[in-house]
Structure formats: C-alpha cells, structure tokens
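Inspection log for the structure reproduced underneath, given as structure tokens.
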Amino acid sequence: MVKKKQKKIEKKSGKTVFIVTAVALIIGIFIFWAARQDSNRWEVPDYLVGRWISSAPDYQDRYLEINNVSLIFATGPTTVTTYFITGITSIAKGKEIAFTFECKDVQDIAYQFFLNYQPDNGGTLFFKNQPQIKWMKEPS
C-alpha cells in the first residue's frame, strides 16, 4: 500500500477577513453618506406657500411671497428683492412653529430669516424681530 501525501489546505483567513472588513466599511460609509444626503433635504410646507400681506399701516404696499425655492420681499410698488432658499429648519413651540430660512441673494450673500407661524384664524406669520407686525396669507 502506498500512502499518498496529504496536502495541507491552507486557509487564507487573513486575506478573507481583510476583504470582508473592507466591504463592510465601504457599505457603512455609503449608508452614512446616503443618510446625510437625506438629512440635507428640506421642503417648504404647503401652508407657507403663497403671498403674505399685512394690515399694518406702514406695510400696506408690501408683501412677502414664499414659494418652494425663494422668499420674495416687495418693499414698495417697484422694489422687489429675492432670496433663494438653501435650507429650512423648524421648531414647534406649542401651536406656534418657528422657522429659520437659510437663503442666498443673487450676489451669493448668505442670509437668515426667522419667521413664526401661528395656524389659528387661517394662519399668521410674523418675523421674530417684529412680533407686532402680523402677516396674513392672501386668498388665492
């Protein structure tokens, strides 16, 4: 009887562990990246979209228009300024919702606008620094 030499089968466990770890790391980085992309998304709530006017005497010829991409301020019959929305955050405080609009103007200068929304009586807006000036949504 002739004995055959048995070859030792060497497992390349070190290499396999490295590959599995690398693949898991790449998948983890992709999931983290995708989650960050999702967290950067924002949307203007439908109840804010429209033209807002004030009954305050000094603001009779002014309006604020909010759409899905910009805030438009009319400060007179011929003066209109547009700010493009780059982000929105909101915090609910009881029935009131505080919004921070991150915007840029046409010259790429960054601005923040702080607006509070109250849903009562069809909804009113006011700027954080001007709580006495109420803005009502113009009927469409």
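Take the sequence shown: its letter number 22 is residue 21 in numbering that gives the first Met the number 0, and every next letter is one higher. Glycine residues also receive a C-beta, built at the ideal position from the N, C-alpha and C atoms. Quantities reported herein were computed from a predicted structural model and do not represent experimental measurements.
As assigned by DSSP and simplified to three states, the class of Ser-38: With a pLDDT of 48 at Ser-38, under the threshold of 50, the modelled position of that residue is not reliable, and the figure given next carries that caveat. Ser-38 falls in the helix class under three-state DSSP.
Under a Cβ-count criterion, where at least 16 other Cβ atoms within 10 Å of its own Cβ denotes burial, should Phe-112 be classed as buried or exposed? That one is buried.
Quick check on Val-79: does DSSP put it in helix, strand or coil? Of the three classes helix, strand and coil, the one that applies to Val-79 here is strand, per DSSP.
Between which two residues does the beta strand (DSSP E) harbouring Leu-114 extend? 109-117
First through last residue of the beta strand (DSSP E) which encompasses Leu-70: 69-73
Going straight from the alpha carbon of Lys-127 to that of Ser-139, what length do you get? 26 Å
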